[in-house]
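> Position 146 of the sequence shown, counted from 1, bears residue number 164 in my numbering, the numbering being contiguous throughout.
All C-beta atoms, glycine included, are put in the ideal place defined by N, C-alpha and C.
In this text, all values refer to a predicted model and were calculated from it rather than measured experimentally.
Quick one: structure below, then a few questions.
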Amino acid sequence: MSRANSVVRFLAGAALLTVCGLGATGCQGYKFNPPPPVNGSVVWEDGGEAHELGGATLEFQANGSVVAKTQLQSDGTFALDTALPSGTCKVRIVPDPAKAPPPTKGTTHTMVLDPKYEKFETSGLTASQTSEAQNIVLKVNGRKVPNTTGGQKSGPSWD
Numbered sequence: 019m020s021r022a023n024s025v026v027r028f029l030a031g032a033a034l035l036t037v038c039g040l041g042a043t044g045c046q047g048y049k050f051n052p053p054p055p056v057n058g059s060v061v062w063e064d065g066g067e068a069h070e071l072g073g074a075t076l077e078f079q080a081n082g083s084v085v086a087k088t089q090l091q092s093d094g095t096f097a098l099d100t101a102l103p104s105g106t107c108k109v110r111i112v113p114d115p116a117k118a119p120p121p122t123k124g125t126t127h128t129m130v131l132d133p134k135y136e137k138f139e140t141s142g143l144t145a146s147q148t149s150e151a152q153n154i155v156l157k158v159n160g161r162k163v164p165n166t167t168g169g170q171k172s173g174p175s176w177d
């Protein structure tokens with residue numbers, strides 16, 4: 019028997035023993051606990067649904083880098099498909115530039131997000147990963163803008 023065959027048989031035997039050993043112990047002592055889901059919603063300061071923000075992107079920043087992104091649903095809710103790192107993340111809301119806010123039903127105005135929420139440095143919004151499933155509620159300010167016809171929107175003054 020050649021030396022190469024001996025090495026191959028030795029490695030195959032070692033691998034078989036390793037697999038059998040793990041099977042017998044059941045990998046005891048090692049448990050993988052994935053982080054719990056992070057869900058939430060963005061609401062207006064008065065508690066109303068921020069459906070006007072549907073399609074906007076919610077971004078989470080830690081240590082100067084964006085660590086998670088998700089899109090707001092039409093009712094202002096969101097769900098992260100990745101865990102947040104430990105510690106506190108800054109949050110910003112980036113409106114969908116292709117989408118004009120829809121008129122608020124039954125009224126003559128539309129709510130528009132205060133631009134301060136578009137920057138991590140000024141939004142004041144934060145989120146943290148915990149060991150339990152959580153539902154984060156982010157309250158934001160907006161301004162009422164008159165509904166207009168013909169697709170023309172007049173922007174609010176934030177001064």
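Among ILE111, GLN152, PRO115, which one has its Cα closest to the Cα of ASP132?
Comparing Cα positions, the closest option is ILE111.
> Tell me the DSSP bridge mates of THR95?
Partner(s): SER59.
> Of all the options VAL163, GLY66, VAL56, LEU71, which has the alpha carbon lying nearest to the alpha carbon of ALA86?
Nearest option by C-alpha distance: VAL56.
> Checking the sheet assignment: what are the DSSP bridge partners for GLU77?
Note: GLU77 sits in a beta bridge opposite LYS87, ARG110.
> VAL158 and THR128: beta carbons closer than 7 Å?
Going by C-beta atoms, VAL158 is not nearer than 7 Å to THR128.
> Which residue from GLN79, VAL60, ALA101, SER59 puts its Cα closest to that of ASN51?
Considering only alpha carbons, the answer is ALA101.
> Between which two residues does the beta strand (DSSP E) harbouring THR144 extend?
143-146 is the extent of the beta strand (DSSP E) around THR144.
> Please state whether DSSP places LYS157 in a helix, a strand or coil.
In this structure, LYS157 counts as strand in the three-state DSSP scheme.
> Helix, strand or coil for GLU67? Go by DSSP, reduced to three states.
Reduced to three states, the DSSP call for GLU67 is strand.
> If you draw a straight line from the alpha carbon of THR11 to that of ASP99, how long is it in whole angstroms?
A question about residue 11 goes unanswered here, because the residues of the chain that appear run from 19 up to 177.
> Sort GLU70, GLY65, GLY58 by Cα distance to PRO197 and report the nearest one.
With the chain represented from 19 up to 177, any question about residue 197 goes unanswered, as that position is not in the structure.
> When you compare only the Cα positions, how much space is there between LYS134 and TRP62?
Using only the alpha carbons, I get a separation of about 14 Å.
> Counting only the same chain and skipping the five closest in sequence on each side, list residues whose C-beta sits under 8 Å from that of LEU90.
Within the same chain, LEU90 has close Cβ partners VAL60, ALA68, LEU71, GLY72, GLY73, ALA74, THR75, LEU76, PHE96, ILE111.
> Which same chain residues, not among the five before or five after SER104, have their C-beta less than 7 Å away from its C-beta?
Excluding sequence neighbours, SER104 sits near GLN147.
> For PHE78, which residues in the same chain have their Cβ closer than 8 Å to its Cβ, ignoring the five residues on either side in sequence?
VAL84, VAL85, ALA86, LYS87, LEU98, LEU102, CYS107, LYS108, VAL109, ALA145, listed in sequence order.
> For GLY82, count the other beta carbons within 10 Å of its own beta carbon; 16 or more makes it buried, fewer makes it exposed. Which is it?
So GLY82 counts as exposed.
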